[in-house]
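**Student:** Residue numbers (my numbering), protein chains in the order written: chain A, 33 to 320; chain B, 435 to 877.
1. Run through chain B and tell me which residues come within less than 9 Å of residue 178/A, C-beta to C-beta.
2. Could you tell me which chain B residues have their CB closer than 9 Å to the CB of residue 171/A, listed as they occur along the chain?
3. Can a CB atom of chain A be found closer than 7 Å to the CB of residue 760/B?
4. Determine, using beta carbons only, whether residue 151/A and residue 158/A come nearer to each other than 7 Å.
5. Determine whether the Cβ of residue 662/B lies closer than 7 Å to any Cβ atom of chain A.
6. Taking Cβ positions only, does residue 527/B come closer than 7 Å to chain A?
7. Ignore the nearest five residues each way along the sequence and tell me which others in residue 307/A's own chain have a CB closer than 8 Å to its CB.
8. Using a Cβ cut-off of 7 Å (strictly closer), state whether residue 834/B contacts chain A.
9. Could you tell me which residues DSSP pairs with residue 482/B in its beta bridges?
10. Grouping DSSP H, G and I as helix and E and B as strand, with all else coil, what is residue 752/B?
11. Hey, out of 816/B, 803/B, 708/B and 541/B, whose CA is closest to residue 738/B's CA?
12. Please state if the CB of residue 655/B and the CB of residue 680/B are separated by a distance shorter than 7 Å.
13. Using a threshold of 7 Å, state whether the C-beta atoms of residue 584/B and residue 565/B are closer than that.
14. Starting from residue 110/A, trace the beta strand (DSSP E) both ways and give me its first and last residue.
15. At a cut of 8 Å, does the region 795-803 of chain B reach the region 514-529 of chain B through at least three beta carbon pairs?
16. Pairs of beta-carbons, one from the region 136-144 of chain A and one from the region 220-236 of chain A, closer than 8 Å: are there three or more?
17. State the start and end residues of the unbroken alpha helix (DSSP H) segment that holds residue 713/B.
18. What do you get for residue 478/B, buried or exposed, if any count of 16 or more other CB atoms within 10 angstroms of its CB means buried?
19. Check whether the Cβ atoms of residue 741/B and residue 547/B sit closer than 7 Å, and answer yes or no.
20. Residues in the same chain with beta-carbon distance under 6 Å from residue 533/B, minus the five sequence neighbours each way, listed in chain order, please.
21. So, helix, strand or coil for residue 75/A, using DSSP?
22. Going by DSSP, what residues sit across from residue 43/A in a beta bridge?
23. I'd like to know whether the C-beta atoms of residue 678/B and residue 854/B end up nearer to each other than 7 Å.
24. Nearest CA to the CA of residue 287/A: which residue from 618/B, 531/B and 760/B?
25. Compare the Cα-Cα distances from residue 116/A to each of 103/A, 82/A, 197/A and 178/A and report the closest residue.
26. What residues from the region 76-107 of chain A come within 7 Å of chain B, judged by C-beta to C-beta, listed N to C?
27. How long is the line joining the alpha carbons of residue 774/B and residue 653/B, rounded to whole angstroms?
28. Mapping DSSP to helix, strand and coil, what is residue 635/B?
29. Whole angstroms is fine: what's the gap from residue 39/A's alpha carbon to residue 50/A's?
30. Let me know if residue 499/B comes out buried or exposed under the rule of 16 or more other beta-carbons within 10 Å of its beta-carbon.
31. Counting Cβ pairs, one atom from each stretch, are 3 or more of them under 8 Å apart for the region 623-630 of chain B and the region 781-792 of chain B?
32. Give a yes or no on whether 7 Å exceeds the smallest Cβ distance from residue 267/A to chain B.
33. DSSP state of residue 197/A, grouped into three classes?
34. Using the rule of at least 16 other Cβ atoms within 10 Å of the residue's Cβ for burial, across every protein chain shown, is residue 474/B buried or exposed?
35. Between which residues of its own chain and residue 119/A is the CB-CB distance below 8 Å, once the five residues before and five after are set aside?
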């Protein structure tokens, strides 16, 4: 009884801020809810879902979301792994380097976007200037935020930059948990640096790696702030992920029923990933 | 016998808690006594009017509204005005979400583009009972018609700003060119300025992340060429020859060497105020920005009709409104009445260099000192169009319409598709979308 009483506030709070909104969203997805929030909107059943599946914009957003998630996974994980490996080595100023590498993640996402918008600016941006000085481009005038073919790369650059420190932190913890004697044994067997990474570090990171990849995927699906403040889904829908499309359907088009159906689809995908994450963490705990 | 360290700590904590509680009780008792002795004290300070807006962070208008609110509080003792800044680019969505979720801001300014939807959803209080007795009833600008429905007024014009060509006279003189009156003259003038002074001759907003500003930027060229994106009967005209030509003219300037690349209006306005861009199509608010940011340049900044074929002066605007559900209607009206009084309208023009919601003319002395303002009245009278940035025939779904247009404009601005191809695609998408709208759901 005491346990129930102690848990009650948390349960009530969860019901209020999680279960109720999800319930309302599910309900709205079955009705034609428009601006004005008619208390008795027409019931359309699965009509909103059917309309979405027939809508080329939805499928375009699915494609953008997949590309964005893949890019973010590869970028954040790859960069995180490289920096985690570097920080695992002993060198002068390592604690300082660890602190500095965490800074992007500590920065508010909107502030990070402001920085990146200027970095990528056509005429005054540092990125174009550096690429030009390195003779990687003929003229320093790449329109990162104007050209649809480059918009996704621009958004990915900002997202990866903001998110990779958390990947570094996870992977660093994973690397530190690999027993030192395995490295010593590999050294005695004559393994070089790459072989030590391939046969000791990489397998040793298995659990952290899987969980981290799932979390990055999860965050990619829910990423709105960086994309919205940087491009608002443009140019020409190049960065219109499903999360952005939900926002636009609700607050630009005022089609709350369609937005709710879309949100439900995103929720189902996220929930599947969440369940996978739960199973992996459970298995990790059992194996430990 | 000395007490253990943990016990001393515990005692200190207990003492601290006791003292805090005693202080709290003492404060509460003092407040109760104060209220008991002066019953008016609590009620006198009890009314706070919430006022969200996009204008409070702007240098000149921010001070205006703080001063206006202070004057209001002075005239209505005990009433405060809580100014809540919201980002201009997200104001439409944010305020609509708040209103729909049951929050009721007291003083509610709405862009012209928001008015049809709010009136359609019956969210606004008719203001006629107050307006009929107001001294400014017959002085409101033409824009006021966008706040009327079925013979009732649901708003009071706050500002109505026609856009035109803003120019830096110093740079025009240095390049030896006159104020351009045609697009060819504009191109040549901008080119000469760039070549002779090294300063950008003309700036065009091409930042699709700011949807409404992008739409307005396109309107200047499309309406300026005699085209539009739709007609009042609901016909979509995105790929009509004049609309496409408008984009072709625009791209001629976007791609010109004298135009800075990839910038939005906020950056361009700053550059204009700093003398780094010689000409822009924009509104009179730039005059206020120059006056605040670069007073030395201010006497040399002017505004003229856009040198497009129709000289279309795209006219934005905003209204003071009161929500039906608001519980402080009289107090809010008093605020609106003060803001629309001659004294504060005069200040809106002459200190903030803004266009007021009434037809109060600027004084001759003001015009002498503010030459840039001279054409603003003429622009409003002769060339005002595109009111509230509303697509004709789609006023109730303006944001969705504008977003769809800008999705395709991104292809034009980036050079990915020629205007004709992009606008053909836009036409097809808008026509298909228009068919999904319910009867009476667009206008």
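Each residue gets a CB set at the ideal place from its N, CA and C atoms; glycine is no exception.
**Tutor:** By the coordinates alone:
1. Walking along the first chain from the start, residue 178/A turns up at place 146. Those within 9 Å of residue 178/A in chain B are 640, 641, 642, 695, 696, 844, 847, 848 and 849.
2. Here residue 171/A corresponds to residue number 139 of the first chain, with the count starting at 1. Chain B residues near residue 171/A: none, gap ~11 Å exceeds 9 Å.
3. Numbered from its first residue, the second chain carries residue 760/B at position 326. False, the Cβ-Cβ gap to chain A never drops below 7 Å.
4. Here residue 151/A refers to the residue found at position 119 of the first chain. Here residue 158/A refers to the residue found at position 126 of the first chain. Their beta carbons are under 7 Å apart, which means residue 151/A touches residue 158/A by this criterion.
5. Counting from 1 along the second chain, the entry for residue 662/B is found at position 228. For residue 662/B, the answer is no, since every Cβ of chain A falls outside 7 Å of its Cβ.
6. Translated into the one-based positions of the second chain, residue 527/B becomes position 93. Yes, its Cβ sits closer than 7 Å to a Cβ of chain A.
7. Position 275 of the first chain, counting from 1, holds the residue named residue 307/A. Answer for residue 307/A: no residue qualifies.
8. Within the second chain, residue 834/B is the residue found at index 400, counting from 1. With 7 Å as the cut-off, residue 834/B counts as an interface residue toward chain A.
9. Counted from its first residue, the second chain places residue 482/B at position 48. Residue 482/B is bridged to 514/B.
10. Mapped onto the second chain, residue 752/B falls at position 318. Looking at residue 752/B - three-state DSSP - the assignment turns out to be strand.
11. Residue numbering aside, residue 738/B sits at position 304 when the second chain is read from its first letter. Residue 816/B is the option with its Cα nearest to residue 738/B.
12. Numbered from its first residue, the second chain carries residue 680/B at position 246. Numbered from its first residue, the second chain carries residue 655/B at position 221. Closer than 7 Å, so yes.
13. Here the question's residue 584/B lines up with position 150 in the second chain. Here the question's residue 565/B lines up with position 131 in the second chain. It is not a contact, given that the beta carbons lie outside the stated cut-off.
14. Indexing the first chain from 1 puts residue 110/A at position 78. No beta strand (DSSP E) contains residue 110/A, which is instead part of the alpha helix (DSSP H) from 88-120.
15. no
16. no
17. Here residue 713/B corresponds to residue number 279 of the second chain, with the count starting at 1. Not the alpha helix (DSSP H): residue 713/B falls in the beta strand (DSSP E), residues 711-716.
18. As a first step, residue 478/B is located in the second chain; it is residue number 44 there, counting from the start. Reliability fails at residue 478/B, whose pLDDT of 48 lies under 50, so the model's placement of it is uncertain and no value is given.
19. The residue labelled residue 741/B in the question sits at position 307 within the second chain. The residue labelled residue 547/B in the question sits at position 113 within the second chain. Not a contact, by the Cβ cut-off of 7 Å.
20. Indexing the second chain from 1 puts residue 533/B at position 99. Correct list: empty, nothing qualifies.
21. The residue you call residue 75/A lines up with position 43 of the first chain. Residue 75/A: strand per DSSP, three-state reduction.
22. In the first chain, residue 43/A corresponds to position 11, counting from 1. None, per the DSSP bridge assignment.
23. Working through the second chain from its first residue, we reach residue 678/B at position 244. Working through the second chain from its first residue, we reach residue 854/B at position 420. Yes, the Cβ-Cβ distance between residue 678/B and residue 854/B is below 7 Å.
24. The residue you call residue 287/A lines up with position 255 of the first chain. Ranking 618/B, 531/B and 760/B by Cα distance to residue 287/A puts 531/B first.
25. By one-based count along the first chain, residue 116/A stands at place 84. Of the listed residues, the one whose Cα sits closest to residue 116/A is 197/A.
26. none
27. By one-based count along the second chain, residue 774/B stands at place 340. By one-based count along the second chain, residue 653/B stands at place 219. Taking the straight line joining both Cα atoms gives about 29 Å.
28. Taking the first residue of the second chain as position 1, residue 635/B is located at position 201. Three-state DSSP puts residue 635/B in a strand.
29. Mapped onto the first chain, residue 39/A falls at position 7. Mapped onto the first chain, residue 50/A falls at position 18. Whole-angstrom Cα-Cα distance: 16 Å.
30. Residue mapping note: residue 499/B aligns to position 65 of the second chain, counting from 1. Flag for residue 499/B reads buried.
31. no
32. Here residue 267/A is taken as the residue at index 235 of the first chain, counted from 1. Taking Cβ atoms only, chain B reaches closer than 7 Å to residue 267/A, which makes this a yes.
33. Start at 1 with the first residue of the first chain, and residue 197/A comes out as number 165. Helix, per DSSP.
34. What you label residue 474/B is simply residue 40 of the second chain in a count that begins at 1. Because the pLDDT of residue 474/B is 41, which lies under 50, any placement of that residue in the model is unreliable, and the number read from its coordinates should be weighed accordingly. Per the 10 Å Cβ criterion, exposed.
35. Reading the first chain from its first residue, position 87 is the one you call residue 119/A. Taken in chain order, the residues that qualify are 126, 129, 130, 133, 200 and 204.
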